[in-house]
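Counting along the sequence shown from 1, when you hit position 183 you're at 329 in this note's numbering, and nothing is skipped either side. Taking it in order: structure first as structure tokens, then the write-up.
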Amino acid sequence: MNLEEMSAAWSKMDERLKEQELTNQELVLKVTSETVKNRIQKIINYEYAGIFLVFGVILYLIVSFTKMNTTFLEISCVVSIILSAALGFMSWVFVVKAKSVDLINTSLKEGALKIANLRAYFVRYRAMGIVVVSILMIFLIPVIVKLIHGLNLVEKLDVFVPRIIVGLVIGFAFHLFILRKYRQNLDEAKDLVQDLQND
């Protein structure tokens, strides 16, 4: 084997190695993007469940509106419908933003930026959600008490105030639990992309 043949064979092997390296990088990117997509899809599924629940509540309140026999309950019902619709809309916006994260068709830098933006939006979205849900509970509880027990909350305030406080505390704790789970999924997705960028 002369020098030219050795050089040609070496070049051929070098090309094969480069092709294999690119294939390995593409495979790692594909697996990582699937993992990130699955993490984000978990959150999207929870949001879809929340949207479905919110619009179920809205439908129930609209159908039951005729049972509100005082101005206070009518106003509470209308405000509850409006705030529930706002929560549903906020969830829908979050779902749209979450679905826009695509690592396959973008660079790693763009993907990492989208995940960082999604996480920042998520923090604002959940902070607004806590405020809206707290206000919603104030208006929704009298309506639910009327629909379930047939009682006017204002007349039985001494009985229901402790229950309302316990309900708000449990609701707030649940919201924080969900916040932690969402944040954990987003952080894991962000870490996967950053690890991929560092390699």
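Glycine residues also receive a C-beta, built at the ideal position from the N, C-alpha and C atoms.
Since LYS292 and MET214 should fall inside the 8 Å C-beta cutoff, what is the C-beta to C-beta distance between them, to a whole number of angstroms?
Locating residue 292 in the sequence shown gives position 146, where the first residue counts as 1. Locating residue 214 in the sequence shown gives position 68, where the first residue counts as 1. About 7 Å separates the Cβ atoms of LYS292 and MET214, confirming a contact at the 8 Å cut-off.
Assess, as a yes-or-no matter, whether the segment 236 to 248 is touched by the segment 178 to 197 under the definition of 3 or more beta carbon pairs within less than 8 Å.
yes
Exposed or buried, ALA319, counting other C-beta atoms within 10 Å across all chains shown (16 or more means buried)?
As a working note, residue 319 is residue 173 in the sequence shown. Per the 10 Å Cβ criterion, exposed.
Return the residue from the list SER222, ILE227, PHE268, PHE218 that minimises the CA-CA distance to ILE324.
Position 178 of the sequence shown holds residue 324. The shortest C-alpha to C-alpha distance from ILE324 to any of SER222, ILE227, PHE268, PHE218 is the one to PHE268.
How about VAL289 and CYS223: are their beta carbons less than 8 Å apart?
For the purposes of this step, residue 289 is identified with residue 143 of the sequence shown, where counting begins at 1. For the purposes of this step, residue 223 is identified with residue 77 of the sequence shown, where counting begins at 1. Contact flag set, yes.
Span of the alpha helix (DSSP H), counted from its first residue to its last, around MET214:
Taking the sequence shown and counting its residues from 1, one reaches residue 214 at position 68. Segment: none, MET214 is in no alpha helix (DSSP H) and carries neither H nor E.
Check ASP248 in the structure and name its three-state DSSP category.
The residue you call residue 248 lines up with position 102 of the sequence shown. It is coil, neither helix nor strand.
Report the rounded CA-to-CA distance for ALA244 versus VAL307, giving the unit in angstroms.
As a working note, residue 244 is residue 98 in the sequence shown. As a working note, residue 307 is residue 161 in the sequence shown. The straight-line gap from Cα to Cα measures roughly 38 Å.
Alpha carbon to alpha carbon, how far is ASN263 from PHE201?
Mapped onto the sequence shown, residue 263 falls at position 117. Mapped onto the sequence shown, residue 201 falls at position 55. Their Cα atoms are separated by approximately 27 Å.
Could you tell me if GLY275 is buried or exposed, where buried requires 16 or more neighbouring beta carbons within 10 angstroms of its beta carbon?
Residue numbering aside, residue 275 sits at position 129 when the sequence shown is read from its first letter. Classification for GLY275: buried.
Beta-carbon proximity list for TYR271, same chain, < 7 Å, skipping 5 on both sides
Numbered from its first residue, the sequence shown carries residue 271 at position 125. Answer for TYR271: MET236, PHE240, listed in chain order.
If you count every other CB in all the chains shown that lies within 10 Å of the CB of GLU193, and 16 or more means buried, which is it?
Along the sequence shown, read from residue 1 onward, the residue named residue 193 stands at position 47. Looking at its Cβ environment, which holds 16 or more other Cβ atoms inside 10 Å, GLU193 is buried.
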